[in-house]
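Heads up: the structure comes next, in C-alpha coordinates.
Numbering (this note's numbering), first residue to last: 3 to 440.
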(Lines of atoms letter the chains of each structure in order from A and count residues from 1; the text may use other names and numbers.)
(Lines give C-alpha, C1' and ligand atoms only; values in the text may rest on other atoms or scores of the structure.)
Protein backbone atom coordinates (compact mmCIF):
# COMPACT_ATOMS: atom_id res chain seq x y z
CA UNK A 1 0.00 0.00 0.00
CA UNK A 2 1.13 3.52 -0.88
CA UNK A 3 -0.06 6.41 1.32
CA UNK A 4 0.50 10.09 0.55
CA UNK A 5 -0.50 11.95 3.71
CA UNK A 6 -1.55 15.58 3.15
CA UNK A 7 -2.94 18.32 5.37
CA UNK A 8 -6.35 16.75 5.98
CA UNK A 9 -4.82 13.65 7.56
CA UNK A 10 -4.84 13.51 11.34
CA UNK A 11 -2.43 11.59 13.49
CA UNK A 12 -5.02 9.01 14.53
CA UNK A 13 -5.69 8.21 10.87
CA UNK A 14 -2.00 7.65 10.28
CA UNK A 15 -1.88 5.35 13.29
CA UNK A 16 -4.96 3.46 12.13
CA UNK A 17 -3.52 2.94 8.68
CA UNK A 18 -0.24 1.77 10.14
CA UNK A 19 -1.88 -0.77 12.42
CA UNK A 20 -4.13 -2.13 9.68
CA UNK A 21 -1.66 -1.96 6.81
CA UNK A 22 1.28 -4.03 7.91
CA UNK A 23 2.26 -4.23 4.26
CA UNK A 24 2.68 -0.45 3.93
CA UNK A 25 5.38 0.14 1.29
CA UNK A 26 5.34 3.88 0.52
CA UNK A 27 4.65 6.74 2.94
CA UNK A 28 5.05 10.37 1.92
CA UNK A 29 4.20 13.15 4.38
CA UNK A 30 3.83 16.17 2.13
CA UNK A 31 2.63 18.75 4.66
CA UNK A 32 2.86 19.42 8.36
CA UNK A 33 0.03 17.06 9.25
CA UNK A 34 0.57 17.00 13.00
CA UNK A 35 -0.49 19.57 15.57
CA UNK A 36 2.72 19.42 17.60
CA UNK A 37 6.37 19.93 16.84
CA UNK A 38 7.66 16.52 17.86
CA UNK A 39 8.61 13.36 16.08
CA UNK A 40 6.29 11.15 18.13
CA UNK A 41 4.48 10.14 14.94
CA UNK A 42 7.31 7.66 14.46
CA UNK A 43 5.78 5.60 17.27
CA UNK A 44 2.60 5.16 15.21
CA UNK A 45 4.11 2.32 13.22
CA UNK A 46 3.40 -1.19 14.47
CA UNK A 47 6.33 -3.14 15.84
CA UNK A 48 7.69 -5.54 13.30
CA UNK A 49 6.80 -3.42 10.27
CA UNK A 50 9.32 -4.47 7.62
CA UNK A 51 7.62 -3.63 4.33
CA UNK A 52 8.56 0.04 3.82
CA UNK A 53 10.30 0.69 0.51
CA UNK A 54 9.97 4.48 0.54
CA UNK A 55 9.67 6.96 3.42
CA UNK A 56 9.62 10.72 2.93
CA UNK A 57 9.09 13.39 5.58
CA UNK A 58 11.23 16.16 4.13
CA UNK A 59 8.31 18.60 4.03
CA UNK A 60 7.19 18.36 7.66
CA UNK A 61 8.67 20.72 10.23
CA UNK A 62 9.43 18.80 13.42
CA UNK A 63 12.30 20.19 15.43
CA UNK A 64 12.28 17.47 18.09
CA UNK A 65 12.78 14.27 16.11
CA UNK A 66 12.68 10.95 17.96
CA UNK A 67 15.83 9.56 16.37
CA UNK A 68 15.77 6.36 18.41
CA UNK A 69 12.34 5.51 17.00
CA UNK A 70 13.52 6.41 13.50
CA UNK A 71 16.54 4.14 13.79
CA UNK A 72 14.39 1.25 15.01
CA UNK A 73 12.03 1.67 12.06
CA UNK A 74 14.87 1.87 9.55
CA UNK A 75 16.67 -1.14 10.97
CA UNK A 76 13.50 -3.21 10.50
CA UNK A 77 12.92 -2.18 6.86
CA UNK A 78 15.87 -3.79 5.12
CA UNK A 79 14.21 -3.29 1.74
CA UNK A 80 14.02 0.50 2.10
CA UNK A 81 15.24 2.16 -1.11
CA UNK A 82 14.09 5.77 -0.73
CA UNK A 83 14.49 7.95 2.36
CA UNK A 84 14.02 11.72 2.41
CA UNK A 85 14.77 13.44 5.72
CA UNK A 86 13.64 16.91 6.80
CA UNK A 87 15.84 19.92 7.48
CA UNK A 88 15.98 19.22 11.23
CA UNK A 89 18.03 16.05 10.81
CA UNK A 90 21.67 17.02 11.54
CA UNK A 91 24.78 15.59 9.94
CA UNK A 92 25.70 13.47 12.94
CA UNK A 93 22.31 11.74 12.72
CA UNK A 94 22.62 11.36 8.95
CA UNK A 95 25.75 9.30 9.48
CA UNK A 96 23.84 6.92 11.75
CA UNK A 97 20.98 6.68 9.27
CA UNK A 98 23.08 5.71 6.26
CA UNK A 99 25.10 3.24 8.32
CA UNK A 100 21.78 1.50 9.06
CA UNK A 101 20.55 1.77 5.44
CA UNK A 102 23.51 1.27 3.09
CA UNK A 103 21.09 -0.21 0.54
CA UNK A 104 19.45 3.16 -0.23
CA UNK A 105 19.04 4.20 -3.85
CA UNK A 106 17.60 7.67 -3.14
CA UNK A 107 18.49 9.85 -0.14
CA UNK A 108 17.33 13.25 1.06
CA UNK A 109 20.15 14.23 3.41
CA UNK A 110 18.43 16.60 5.82
CA UNK A 111 20.27 19.79 6.74
CA UNK A 112 23.87 18.65 6.04
CA UNK A 113 24.94 20.75 9.03
CA UNK A 114 26.14 21.70 11.65
CA UNK A 115 29.84 21.14 11.17
CA UNK A 116 31.47 17.91 12.33
CA UNK A 117 34.90 17.20 13.75
CA UNK A 118 37.48 15.82 11.33
CA UNK A 119 37.05 12.36 12.84
CA UNK A 120 33.27 12.51 12.42
CA UNK A 121 33.67 13.73 8.83
CA UNK A 122 35.89 10.74 8.10
CA UNK A 123 33.27 8.41 9.58
CA UNK A 124 30.54 10.03 7.48
CA UNK A 125 32.64 9.66 4.35
CA UNK A 126 33.23 5.98 5.12
CA UNK A 127 29.51 5.46 5.64
CA UNK A 128 28.74 7.05 2.28
CA UNK A 129 31.35 4.85 0.64
CA UNK A 130 29.36 1.78 1.67
CA UNK A 131 26.22 3.10 -0.06
CA UNK A 132 27.13 1.56 -3.39
CA UNK A 133 23.53 1.58 -4.69
CA UNK A 134 22.95 5.31 -4.11
CA UNK A 135 21.94 7.09 -7.32
CA UNK A 136 19.94 10.15 -6.18
CA UNK A 137 20.87 12.77 -3.57
CA UNK A 138 18.80 15.76 -2.43
CA UNK A 139 18.27 17.79 0.73
CA UNK A 140 21.38 19.83 1.62
CA UNK A 141 19.26 22.50 3.29
CA UNK A 142 22.30 24.29 4.76
CA UNK A 143 25.66 22.81 3.88
CA UNK A 144 28.38 23.05 6.52
CA UNK A 145 31.52 24.59 4.96
CA UNK A 146 34.02 22.03 3.75
CA UNK A 147 31.70 19.04 4.23
CA UNK A 148 30.71 18.28 0.63
CA UNK A 149 33.83 16.07 0.16
CA UNK A 150 32.18 13.51 2.43
CA UNK A 151 29.93 12.50 -0.49
CA UNK A 152 32.75 12.23 -3.03
CA UNK A 153 33.03 8.42 -2.71
CA UNK A 154 29.59 7.90 -4.25
CA UNK A 155 29.54 10.81 -6.72
CA UNK A 156 30.59 8.72 -9.72
CA UNK A 157 27.44 6.60 -9.24
CA UNK A 158 25.04 9.53 -8.99
CA UNK A 159 22.59 10.26 -11.78
CA UNK A 160 20.62 12.94 -9.88
CA UNK A 161 21.86 15.65 -7.50
CA UNK A 162 19.63 18.38 -6.08
CA UNK A 163 21.54 21.28 -4.51
CA UNK A 164 18.81 23.86 -5.10
CA UNK A 165 18.67 24.76 -1.38
CA UNK A 166 22.45 24.86 -0.90
CA UNK A 167 24.07 28.31 -1.30
CA UNK A 168 27.47 26.93 -2.30
CA UNK A 169 30.10 28.86 -4.25
CA UNK A 170 31.68 28.15 -7.63
CA UNK A 171 34.83 26.57 -6.14
CA UNK A 172 32.83 24.11 -4.03
CA UNK A 173 30.73 23.18 -7.04
CA UNK A 174 33.75 22.74 -9.31
CA UNK A 175 35.37 20.32 -6.87
CA UNK A 176 32.12 18.40 -6.49
CA UNK A 177 31.09 18.01 -10.13
CA UNK A 178 34.59 16.87 -11.10
CA UNK A 179 33.56 13.61 -9.40
CA UNK A 180 30.09 13.48 -11.04
CA UNK A 181 30.80 12.28 -14.56
CA UNK A 182 27.54 10.32 -14.85
CA UNK A 183 25.15 12.94 -13.54
CA UNK A 184 22.00 13.39 -15.65
CA UNK A 185 19.92 15.63 -13.39
CA UNK A 186 21.44 18.62 -11.57
CA UNK A 187 19.61 21.40 -9.72
CA UNK A 188 21.56 24.34 -8.29
CA UNK A 189 21.21 27.73 -6.63
CA UNK A 190 22.55 30.74 -8.52
CA UNK A 191 25.20 31.41 -5.86
CA UNK A 192 27.50 29.22 -8.01
CA UNK A 193 27.49 32.05 -10.60
CA UNK A 194 28.73 31.70 -14.19
CA UNK A 195 32.08 30.24 -13.16
CA UNK A 196 30.33 27.37 -11.44
CA UNK A 197 28.28 26.65 -14.56
CA UNK A 198 31.47 26.53 -16.58
CA UNK A 199 32.62 23.69 -14.30
CA UNK A 200 29.33 21.88 -14.85
CA UNK A 201 29.73 22.16 -18.62
CA UNK A 202 33.24 20.74 -18.42
CA UNK A 203 32.41 17.78 -16.16
CA UNK A 204 28.78 16.78 -16.78
CA UNK A 205 28.60 15.70 -20.40
CA UNK A 206 25.58 13.44 -19.81
CA UNK A 207 23.46 16.18 -18.26
CA UNK A 208 19.81 16.03 -19.36
CA UNK A 209 17.83 17.95 -16.72
CA UNK A 210 19.34 21.22 -15.44
CA UNK A 211 17.90 23.91 -13.19
CA UNK A 212 19.26 27.08 -11.60
CA UNK A 213 17.11 28.69 -8.91
CA UNK A 214 17.52 32.21 -7.47
CA UNK A 215 18.89 32.56 -3.96
CA UNK A 216 16.58 34.21 -1.44
CA UNK A 217 19.19 36.77 -0.42
CA UNK A 218 20.02 37.76 -4.01
CA UNK A 219 23.63 38.17 -2.90
CA UNK A 220 26.22 38.25 -5.71
CA UNK A 221 25.49 38.60 -9.41
CA UNK A 222 23.70 35.29 -9.84
CA UNK A 223 23.96 33.74 -13.29
CA UNK A 224 23.88 35.41 -16.70
CA UNK A 225 24.03 34.62 -20.39
CA UNK A 226 27.68 33.56 -19.97
CA UNK A 227 26.86 30.62 -17.74
CA UNK A 228 23.92 29.79 -20.00
CA UNK A 229 26.21 29.53 -23.01
CA UNK A 230 28.66 27.33 -21.09
CA UNK A 231 25.84 24.85 -20.49
CA UNK A 232 24.62 25.12 -24.09
CA UNK A 233 28.05 24.34 -25.51
CA UNK A 234 29.11 21.72 -22.99
CA UNK A 235 25.91 19.70 -22.45
CA UNK A 236 24.49 18.68 -25.84
CA UNK A 237 22.30 15.91 -24.35
CA UNK A 238 20.18 18.44 -22.46
CA UNK A 239 16.44 17.68 -22.53
CA UNK A 240 15.08 20.16 -19.96
CA UNK A 241 16.28 23.47 -18.53
CA UNK A 242 14.88 25.93 -15.98
CA UNK A 243 17.08 29.01 -15.72
CA UNK A 244 16.51 32.02 -13.44
CA UNK A 245 18.79 34.89 -14.38
CA UNK A 246 19.18 38.65 -14.19
CA UNK A 247 20.01 39.15 -17.86
CA UNK A 248 20.00 37.28 -21.17
CA UNK A 249 20.76 37.77 -24.86
CA UNK A 250 19.22 36.47 -28.04
CA UNK A 251 22.63 35.21 -29.13
CA UNK A 252 22.97 33.02 -26.04
CA UNK A 253 19.52 31.50 -26.51
CA UNK A 254 20.29 30.85 -30.17
CA UNK A 255 23.46 28.97 -29.16
CA UNK A 256 21.37 26.66 -27.00
CA UNK A 257 18.78 26.19 -29.74
CA UNK A 258 21.46 24.91 -32.12
CA UNK A 259 23.51 22.85 -29.66
CA UNK A 260 20.65 21.27 -27.68
CA UNK A 261 18.18 20.37 -30.41
CA UNK A 262 16.57 17.57 -28.37
CA UNK A 263 15.14 19.93 -25.75
CA UNK A 264 11.69 18.93 -24.51
CA UNK A 265 11.31 21.68 -21.90
CA UNK A 266 12.75 25.20 -22.09
CA UNK A 267 11.95 27.58 -19.22
CA UNK A 268 13.83 30.86 -19.13
CA UNK A 269 12.94 33.25 -16.29
CA UNK A 270 14.51 36.69 -16.69
CA UNK A 271 13.76 38.15 -13.29
CA UNK A 272 13.29 41.77 -14.29
CA UNK A 273 9.93 42.08 -16.08
CA UNK A 274 10.01 42.92 -19.79
CA UNK A 275 13.80 43.13 -19.89
CA UNK A 276 15.31 43.27 -23.40
CA UNK A 277 18.44 41.67 -24.80
CA UNK A 278 21.24 42.66 -22.43
CA UNK A 279 23.65 43.71 -25.19
CA UNK A 280 21.45 45.01 -28.02
CA UNK A 281 18.36 46.26 -26.13
CA UNK A 282 16.24 44.42 -28.71
CA UNK A 283 13.23 42.27 -27.80
CA UNK A 284 13.96 38.62 -26.99
CA UNK A 285 11.86 37.52 -29.98
CA UNK A 286 14.68 36.00 -32.02
CA UNK A 287 16.03 33.92 -29.16
CA UNK A 288 12.71 32.25 -28.39
CA UNK A 289 12.05 32.01 -32.11
CA UNK A 290 15.27 30.05 -32.52
CA UNK A 291 14.26 27.65 -29.74
CA UNK A 292 10.93 26.73 -31.36
CA UNK A 293 12.48 26.52 -34.82
CA UNK A 294 15.39 24.22 -33.93
CA UNK A 295 13.94 22.17 -31.05
CA UNK A 296 11.21 20.33 -32.93
CA UNK A 297 10.27 18.03 -30.00
CA UNK A 298 9.65 20.88 -27.55
CA UNK A 299 6.74 20.10 -25.21
CA UNK A 300 7.02 22.83 -22.57
CA UNK A 301 8.00 26.49 -22.90
CA UNK A 302 8.13 29.39 -20.43
CA UNK A 303 8.54 32.92 -21.75
CA UNK A 304 9.94 36.05 -20.09
CA UNK A 305 11.67 39.27 -21.02
CA UNK A 306 10.56 41.87 -23.53
CA UNK A 307 8.58 40.08 -26.25
CA UNK A 308 6.53 41.43 -29.14
CA UNK A 309 3.87 39.69 -31.21
CA UNK A 310 6.69 38.37 -33.40
CA UNK A 311 7.80 35.91 -30.72
CA UNK A 312 4.27 34.51 -30.45
CA UNK A 313 4.06 34.29 -34.23
CA UNK A 314 7.21 32.14 -34.19
CA UNK A 315 5.66 29.91 -31.53
CA UNK A 316 2.41 29.44 -33.43
CA UNK A 317 4.30 28.73 -36.63
CA UNK A 318 6.93 26.29 -35.35
CA UNK A 319 6.00 24.82 -31.94
CA UNK A 320 3.70 22.14 -33.30
CA UNK A 321 4.37 19.67 -30.47
CA UNK A 322 4.05 22.22 -27.66
CA UNK A 323 1.78 21.02 -24.84
CA UNK A 324 2.36 23.59 -22.10
CA UNK A 325 3.08 27.31 -22.39
CA UNK A 326 3.71 29.77 -19.55
CA UNK A 327 3.86 33.52 -20.13
CA UNK A 328 4.82 36.11 -17.51
CA UNK A 329 5.21 39.87 -17.96
CA UNK A 330 5.39 39.41 -21.72
CA UNK A 331 3.39 40.15 -24.83
CA UNK A 332 2.41 43.09 -26.98
CA UNK A 333 -1.22 42.70 -28.06
CA UNK A 334 -4.09 40.23 -28.40
CA UNK A 335 -2.72 39.22 -31.79
CA UNK A 336 0.19 37.43 -30.12
CA UNK A 337 -2.01 35.00 -28.22
CA UNK A 338 -4.12 34.46 -31.32
CA UNK A 339 -1.02 33.20 -33.14
CA UNK A 340 -0.46 30.63 -30.41
CA UNK A 341 -4.04 29.40 -30.13
CA UNK A 342 -4.35 29.00 -33.89
CA UNK A 343 -0.98 27.37 -34.47
CA UNK A 344 -0.18 25.16 -31.45
CA UNK A 345 -2.74 22.42 -31.97
CA UNK A 346 -1.28 20.10 -29.31
CA UNK A 347 -1.43 22.74 -26.56
CA UNK A 348 -2.93 21.32 -23.34
CA UNK A 349 -2.12 23.87 -20.65
CA UNK A 350 -1.76 27.65 -21.00
CA UNK A 351 -0.73 29.87 -18.08
CA UNK A 352 -0.52 33.66 -18.43
CA UNK A 353 0.13 36.30 -15.81
CA UNK A 354 0.79 40.05 -15.84
CA UNK A 355 0.42 40.31 -19.60
CA UNK A 356 -1.65 42.66 -21.82
CA UNK A 357 -3.95 40.03 -23.35
CA UNK A 358 -7.66 40.85 -23.16
CA UNK A 359 -11.09 39.57 -24.20
CA UNK A 360 -10.21 39.27 -27.88
CA UNK A 361 -7.28 37.03 -27.03
CA UNK A 362 -9.36 34.99 -24.58
CA UNK A 363 -12.18 34.39 -27.05
CA UNK A 364 -9.86 33.60 -29.95
CA UNK A 365 -9.34 30.22 -28.31
CA UNK A 366 -13.02 29.38 -28.21
CA UNK A 367 -12.49 26.47 -30.60
CA UNK A 368 -9.58 25.10 -28.58
CA UNK A 369 -10.46 25.07 -24.89
CA UNK A 370 -12.56 21.90 -24.92
CA UNK A 371 -9.55 19.95 -26.19
CA UNK A 372 -7.19 21.54 -23.66
CA UNK A 373 -6.66 20.69 -20.01
CA UNK A 374 -6.82 24.25 -18.68
CA UNK A 375 -6.29 27.96 -19.20
CA UNK A 376 -5.18 30.33 -16.43
CA UNK A 377 -5.01 34.10 -16.90
CA UNK A 378 -4.04 36.40 -14.03
CA UNK A 379 -3.61 40.18 -13.98
CA UNK A 380 -4.34 40.49 -17.68
CA UNK A 381 -6.90 42.71 -19.47
CA UNK A 382 -9.79 40.24 -19.42
CA UNK A 383 -13.24 41.53 -18.37
CA UNK A 384 -16.17 39.83 -16.68
CA UNK A 385 -18.13 40.27 -19.92
CA UNK A 386 -15.52 38.32 -21.86
CA UNK A 387 -15.58 35.51 -19.30
CA UNK A 388 -19.40 35.41 -19.36
CA UNK A 389 -19.40 35.21 -23.14
CA UNK A 390 -16.99 32.27 -23.02
CA UNK A 391 -19.09 30.46 -20.41
CA UNK A 392 -22.30 31.02 -22.39
CA UNK A 393 -20.92 29.65 -25.66
CA UNK A 394 -18.99 26.75 -24.12
CA UNK A 395 -21.27 25.38 -21.38
CA UNK A 396 -19.23 22.17 -21.04
CA UNK A 397 -16.31 24.21 -19.73
CA UNK A 398 -15.94 25.40 -16.16
CA UNK A 399 -15.20 29.12 -16.19
CA UNK A 400 -14.21 30.49 -12.79
CA UNK A 401 -13.55 34.16 -12.06
CA UNK A 402 -11.34 34.81 -9.04
CA UNK A 403 -11.63 38.17 -7.27
CA UNK A 404 -9.74 38.03 -3.98
CA UNK A 405 -9.57 41.78 -3.47
CA UNK A 406 -13.29 42.68 -3.75
CA UNK A 407 -12.84 44.26 -7.13
CA UNK A 408 -15.61 45.85 -9.17
CA UNK A 409 -17.93 43.21 -10.67
CA UNK A 410 -19.56 45.43 -13.30
CA UNK A 411 -19.53 44.00 -16.87
CA UNK A 412 -16.48 45.93 -18.09
CA UNK A 413 -14.46 45.46 -14.92
CA UNK A 414 -11.18 43.60 -15.26
CA UNK A 415 -11.03 40.26 -13.51
CA UNK A 416 -8.16 39.42 -11.21
CA UNK A 417 -7.89 35.86 -12.54
CA UNK A 418 -9.86 33.48 -14.72
CA UNK A 419 -9.50 29.71 -14.68
CA UNK A 420 -10.99 27.66 -17.51
CA UNK A 421 -10.96 23.86 -17.43
CA UNK A 422 -12.80 20.78 -18.59
CA UNK A 423 -15.02 18.77 -16.28
CA UNK A 424 -17.58 15.99 -16.74
CA UNK A 425 -19.23 16.68 -13.36
CA UNK A 426 -19.99 20.38 -13.70
CA UNK A 427 -19.00 23.06 -11.21
CA UNK A 428 -16.97 21.99 -8.21
CA UNK A 429 -18.61 22.26 -4.79
CA UNK A 430 -15.57 23.34 -2.79
CA UNK A 431 -15.16 26.83 -4.26
CA UNK A 432 -14.12 29.52 -1.77
CA UNK A 433 -16.27 32.64 -1.57
CA UNK A 434 -13.99 34.71 -3.81
CA UNK A 435 -14.37 32.26 -6.73
CA UNK A 436 -17.38 32.87 -8.97
CA UNK A 437 -18.48 30.09 -11.34
CA UNK A 438 -20.05 31.41 -14.55
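C-beta atoms are modelled at their ideal positions from N, C-alpha and C, and glycine is treated no differently. Source: prediction; values computed, not measured.
Quick check: residue i and residue j, are their CB atoms within less than 8 Å of each other?
| i | j | result |
| --- | --- | --- |
| residue 87 | residue 60 | yes |
| residue 396 | residue 371 | yes |
| residue 276 | residue 363 | no |
| residue 418 | residue 400 | no |
| residue 231 | residue 254 | yes |
| residue 365 | residue 392 | yes |
| residue 198 | residue 172 | yes |
| residue 233 | residue 268 | no |
| residue 296 | residue 259 | yes |
| residue 57 | residue 96 | no |
| residue 216 | residue 224 | yes |
| residue 304 | residue 271 | yes |
| residue 266 | residue 299 | yes |
| residue 379 | residue 405 | no |
Measure how close the beta-carbons of residue i and residue j come, nearest whole angstrom, since I'm counting them as under 8 Å.
| i | j | result |
| --- | --- | --- |
| residue 49 | residue 26 | That belief does not hold up - the Cβ atoms of residue 49 and residue 26 are roughly 14 Å apart, past 8 Å. |
| residue 341 | residue 318 | 4 Å |
| residue 179 | residue 144 | Residue 179 to residue 144, Cβ: 20 Å. No contact. |
| residue 355 | residue 330 | 5 Å |
| residue 155 | residue 131 | 4 Å |
| residue 133 | residue 104 | 5 Å |
| residue 282 | residue 249 | With 8 Å as the limit, residue 282 and residue 249 do not qualify as a contact, their Cβ atoms being about 12 Å apart. |
Residue i to residue j, Cα distance in whole Å?
| i | j | result |
| --- | --- | --- |
| residue 313 | residue 338 | 8 Å |
| residue 55 | residue 158 | 24 Å |
| residue 334 | residue 309 | 7 Å |
| residue 357 | residue 274 | 14 Å |
| residue 433 | residue 361 | 24 Å |
| residue 149 | residue 246 | 27 Å |
| residue 208 | residue 138 | 15 Å |
| residue 290 | residue 256 | 8 Å |
| residue 375 | residue 120 | 54 Å |
| residue 46 | residue 84 | 20 Å |
| residue 353 | residue 420 | 10 Å |
| residue 326 | residue 122 | 48 Å |
| residue 424 | residue 306 | 27 Å |
| residue 262 | residue 188 | 16 Å |
| residue 99 | residue 151 | 18 Å |
| residue 402 | residue 390 | 10 Å |
| residue 163 | residue 416 | 44 Å |
| residue 94 | residue 118 | 7 Å |
| residue 110 | residue 311 | 44 Å |
| residue 114 | residue 440 | 50 Å |
| residue 63 | residue 43 | 12 Å |
| residue 211 | residue 30 | 24 Å |
| residue 116 | residue 146 | 6 Å |
| residue 323 | residue 239 | 19 Å |
| residue 435 | residue 373 | 29 Å |
Evaluate residue i with the Cβ neighbour count: other Cβ atoms within 10 Å of its Cβ, from every protein chain shown; 16 or more gives buried, anything less gives exposed.
| i | result |
| --- | --- |
| residue 414 | exposed |
| residue 38 | Bear in mind that the predicted position of residue 38 carries a pLDDT of just 49, short of 50, making it unreliable; the figure below should be weighed with that in mind. Per the 10 Å Cβ criterion, exposed. |
| residue 89 | buried |
| residue 135 | exposed |
| residue 279 | buried |
| residue 398 | exposed |
| residue 70 | exposed |
| residue 128 | exposed |
| residue 196 | buried |
| residue 124 | exposed |
| residue 430 | exposed |
| residue 214 | buried |
| residue 169 | buried |
| residue 236 | buried |
| residue 192 | buried |
| residue 441 | Because the chain in this structure spans residues 3 to 440, residue 441 falls outside the shown range and cannot be described. |
| residue 385 | buried |
Bridge partners for residue i per DSSP, in chain order?
| i | result |
| --- | --- |
| residue 1 | In the structure displayed, the chain extends from 3 to 440; residue 1 sits before or after that span and is not available. |
| residue 242 | 211, 267 |
| residue 188 | 163, 212 |
| residue 152 | Paired residues: none, contrary to the question. |
| residue 177 | Answer is none; residue 177 lacks a bridge partner. |
| residue 110 | 86, 140 |
| residue 363 | Its beta-bridge partners do not exist; DSSP assigns none. |
| residue 402 | 421, 439 |
| residue 369 | Its beta-bridge partners do not exist; DSSP assigns none. |
| residue 385 | 416 |
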